[in-house]
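So the structure is just underneath, and the comments pick up after that.
Protein chains in written order, with my numbering: chain H, 1 to 71; chain V, 1 to 444.
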């Protein structure tokens, strides 16, 4: 059973380090699945994927050429 | 910060409340509470920003000062808000979800994008780590220490730094390393810059004599690339999650990030000013170790050794943060225990990733005739390429109402600023790509 007492005067503020504090309920992805995206966002991401793959390959080739591995 | 309770007069306390934390510090004044809370939250923002002033950054900023004098100081002023706004989003996402960035990409965008982002991150991080150890090797060689001693000893020290099983211990050591960068300001005063010219070039954007050339464009892109890097997004979010920052801590995390961004930009400016000393004396150099040795007879032994040791400090800071970013991200995706709170045997995969990254990068540097300069250029280009896409994912996550609700998502003004940043970074990324394909795009 809870024991109750009355604090007669101001005692101060208790500051707790985040690591020693109680855990909070955070925003969770549980049950959400993948993010909802519009068609245009989906297309933009596909273009981005292509751009990144192409640029990575091009950079790899350029570096290999600079290193004298390919001509 | 959740202040556990404000114990005011005639307040009834339930002594049996099991949720009341037994720990904490009681202070009497409101300002003491705020200050103490800030000190407890302080860390990730400063570390992520200052670790970004790594060996590559020292080289780039000093090169900028050495090649163009004070003319590129204004770029740093423009980069300050970019750094802050991007990292604020990361801190907000970390606090809202309590999870790292890699985990969020996996969970919200699926395995394909998750693996793609992770591969990019690990690849660019590994290349960056090689440059960090190359800098350690160069700087300590200039001080007479063989790379075969300095590099392995540094790698072992960097590994020991994280395997103590305490996040706070690692954080405190790293903050001390960050604060050592204050020495850059001492060096700046010792090289007596023209402060009026410094103020003018900082506030008024201008171009050096000769206008836009290929090397100027490359250097500006390198400055952008080195001031904000992809690993920072992953690092700060994981760090915030690791530190278990609470919803109420957000305002202090923002202040931490702002202080970190401001400090970093000021240190970057100091590096340019030291490089400018070489410019004023007509010293040609390829890396900071060379300028340190050349400045020794003119500016004194303190300046020479200071630059060399600060180079090592920058590389150590960069290495620990970047390796942790990789280990956290990989651990999150693999579903391993991935926390500095864990002992070595409790999170073997996480620590093995960290030690593996550090050890492999150190080993590469010790291989004779490895083209390190090529690695350094590749890192800058690669990081520049993947940065905009990394920020796009961040932006999409910060607009995820389903996950974050209305409280944590970006406001319209956040989105306007961040899309502007993405567009600018994309333009620079494409410019960089164009320059790689067409080396004669700009006059030499």
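Just so you know, even glycine gets a beta-carbon here, dropped at the ideal spot from N, CA and C.
From a predicted model like this one, the values you see are computed outputs, not experimental measurements.
Where residue i sits in the DSSP three-state scheme
i                     : result
residue 14 (chain H)  : strand
residue 95 (chain V)  : helix
residue 27 (chain V)  : strand
residue 363 (chain V) : helix
residue 20 (chain H)  : helix
residue 251 (chain V) : helix
residue 108 (chain V) : helix
residue 125 (chain V) : helix
residue 400 (chain V) : coil
residue 137 (chain V) : helix
residue 145 (chain V) : coil
residue 355 (chain V) : helix
residue 208 (chain V) : coil
residue 191 (chain V) : coil
residue 55 (chain V)  : helix
residue 393 (chain V) : helix
residue 40 (chain V)  : helix
residue 301 (chain V) : helix
residue 274 (chain V) : helix
residue 21 (chain V)  : Low local confidence applies: a pLDDT of 49 at residue 21 (chain V) is under 50, so the model's placement there is unreliable, with the coordinate-based value given in what follows. Residue state, collapsed to three classes: coil.
residue 59 (chain H)  : helix
residue 28 (chain H)  : coil
residue 7 (chain H)   : Annotation note: pLDDT 48 at residue 7 (chain H) (below 50); position unreliable, no value reported.
residue 371 (chain V) : coil
residue 450 (chain V) : The structure shown has nothing for residue 450 (chain V), since chain V only spans 1 to 444.
residue 101 (chain V) : helix
residue 337 (chain V) : coil
residue 164 (chain V) : coil
residue 37 (chain H)  : coil
residue 268 (chain V) : helix
residue 422 (chain V) : helix
residue 345 (chain V) : coil
residue 246 (chain V) : coil
Buried or exposed (CB count within 10 angstroms, at least 16 for buried), residue i
i                     : result
residue 201 (chain V) : buried
residue 440 (chain V) : exposed
residue 420 (chain V) : exposed
residue 47 (chain H)  : exposed
residue 192 (chain V) : exposed
residue 278 (chain V) : buried
residue 61 (chain H)  : exposed
residue 384 (chain V) : buried
residue 119 (chain V) : exposed
residue 302 (chain V) : exposed
residue 16 (chain H)  : buried
residue 25 (chain H)  : exposed
residue 64 (chain H)  : exposed
residue 235 (chain V) : buried
residue 243 (chain V) : buried
Interface residues of chain H facing residue i [CB-CB closer than 7 Å]
i                     : result
residue 382 (chain V) : 59
residue 371 (chain V) : 67
residue 109 (chain V) : 34 and 35
residue 243 (chain V) : 18 and 19
residue 23 (chain V)  : 16 and 20
Within chain H, the residues that residue i reaches when beta carbons sit closer than 8 Å
i                     : result
residue 188 (chain V) : Residues of chain H passing the Cβ test: none, with the nearest at roughly 35 Å.
residue 37 (chain V)  : 15
residue 353 (chain V) : Result: empty, since nearest Cβ-Cβ is about 22 Å, beyond 8 Å.
residue 168 (chain V) : 19
residue 434 (chain V) : Correct list: empty, because the minimum Cβ distance to chain H is about 11 Å.
Listed by chain order, chain V residues near residue i by CB distance under 9 Å
i                    : result
residue 39 (chain H) : Those do not exist, as residue 39 (chain H) stays about 15 Å from chain V at its closest Cβ, beyond 9 Å.
residue 12 (chain H) : 6, 7, 26, 27, 28, 29, 32 and 33
Neighbouring residues, chain V, relative to residue i (Cβ below 8 Å)
i                    : result
residue 74 (chain H) : Nothing about residue 74 (chain H) can be reported from this structure: the residues present for chain H run from 1 to 71 only.
Neighbour list for residue i in chain V, Cβ cutoff strictly below 7 Å
i                    : result
residue 63 (chain H) : 374 and 378
beta-carbon residue i near the ligand COA non-hydrogen atom, thresh 8 Å
i                     : result
residue 382 (chain V) : Of the ligands one can find in the structure shown there are none, so the ligand COA has no counterpart to examine.
Cβ of residue i within 9 Å of any chain B Cβ
i                     : result
residue 442 (chain V) : Absent from the structure is chain B; the protein chains it does hold are H and V.
Where the segment 119 to 132 of chain V meets chain H: residues whose CB sits under 9 Å from a CB there
120 and 123
Quick one: which residues of the segment 384 to 410 of chain V get their C-beta closer than 8 Å to a C-beta of chain H? List them in chain order.
385, 386, 389, 392, 396, 397, 400, 402, 403, 404, 405 and 408
If contact means a Cβ-Cβ distance below 7 Å, which residues of the segment 316 to 327 of chain V contact chain H?
none
Selection of the segment 246 to 257 of chain V by Cβ proximity to chain H, strictly under 8 Å
246, 247 and 249
Within 8 Å of chain H by C-beta, residues of the segment 36 to 69 of chain V in sequence order:
36, 37, 40 and 41
By the 7 Å beta-carbon criterion, what residues does the segment 77 to 103 of chain V contribute toward chain H?
96, 97 and 98
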